[in-house]
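Accompanying notes for the structure given below.
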Amino acid sequence: ETGVTQSPTHLIKTRGQQVTLRCSSQSGHNTVSWYQQALGQGPQFIFQYYREEENGRGNFPPRFSGLQFPNYSSELNVNALELDDSALYLCASGLSNEQFFGPGTRLTVL
Amino acid sequence: AQSVTQLDSQVPVFEEAPVELRCNYSSSVSVYLFWYVQYPNQGLQLLLKYLSGSTLVESINGFEAEFNKSQTSFHLRKPSVHISDTAEYFCAVSPYPILGNDMRFGAGTRLTVKP
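Listed in order, the protein sequences are those of chains A and B. Position in the first sequence counted from 1, then plus 8, gives you the numbering used here. Position in the second sequence counted from 1, then plus 2, gives you the numbering used here.
Spelled out as structure tokens, the structure:
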């Protein structure tokens, strides 16, 4: 039990729609990172937020965006969904020398 | 940019046998190295990490990994595996001290321990 929760657990959307995924971190954690894990692959870094500002970004288009809130929660928003966006989305929150992963949200785009 | 190659996609072993999961990385800057484990339908859990100091790092459940800078490797080993070690293992690197930032993962190695 990492203390990091994600909602929803599963989600089905159609191409072109928009989706918001949520992550609730442990109290005191000042970073949150989001990853996309396609089936059979390792997680790919989307971006990291540090003290509510984007602190780094991987090779993902601008239609992937995020927010981090003062209450240790965060969101990942994806616009104009594509079939290839189907994946497990993981958030990880932490302090400077440790990060804890949530169980993930399984997104299916039809 | 940095990258990670896990040399074996699947490793089947018998219970109580030793195991080595291989990881090589490529980076133009100094990096921090990690091994994560993922059990079915769960998120990733940190197994061990190398930040600095001794090149041999150990986890609480018997795994160890050795950072070899000249060979750019960070192989994971366990002298005697248990059925409960069956899981997916991911090697990862990050160039930043704030963990998670620009962390790159390998494709994973599925360890299956047979009775």
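Every residue, glycine too, gets a C-beta built ideally from N, C-alpha and C. Bear in mind the structure is a predicted one, so any value in this text is a computation, not a measurement.
Listed by position along chain A, the residues whose Cβ is nearer than 9 Å to that of A67 of chain B form an empty set, because the closest Cβ is around 17 Å away. No Cβ of chain A is located within less than 8 Å of the beta carbon of A89 of chain B. In the DSSP assignment, G64 of chain A falls within the unbroken beta strand (DSSP E) covering E61 to R65. Under DSSP, P117 of chain B forms no beta bridge with any residue. For I54 of chain A, the secondary structure class from DSSP, reduced to helix, strand or coil, is strand. S86 of chain B sits in a helix when the DSSP states are folded into three classes. At a beta-carbon threshold of 7 Å, the residues of chain B lying near F53 of chain A are D104, M105 and R106, ordered along the chain.
Using a Cβ-Cβ distance cut-off of 8 Å, the region 94-109 of chain A and the region 74-84 of chain B are not in contact, since fewer than three pairs of beta carbons, one from each stretch, lie closer than that value.
The beta carbon of G11 of chain A is closer than 7 Å to those of Q34 and F108 in its chain, skipping five residues each way along the sequence. Nearest neighbour of S30 of chain B by Cα position, chosen from B:K71, B:C93 and B:F92, turns out to be B:K71.
In the three-state reduction of the DSSP assignment, L53 of chain B falls in the coil class, being assigned neither a helical nor a strand state.
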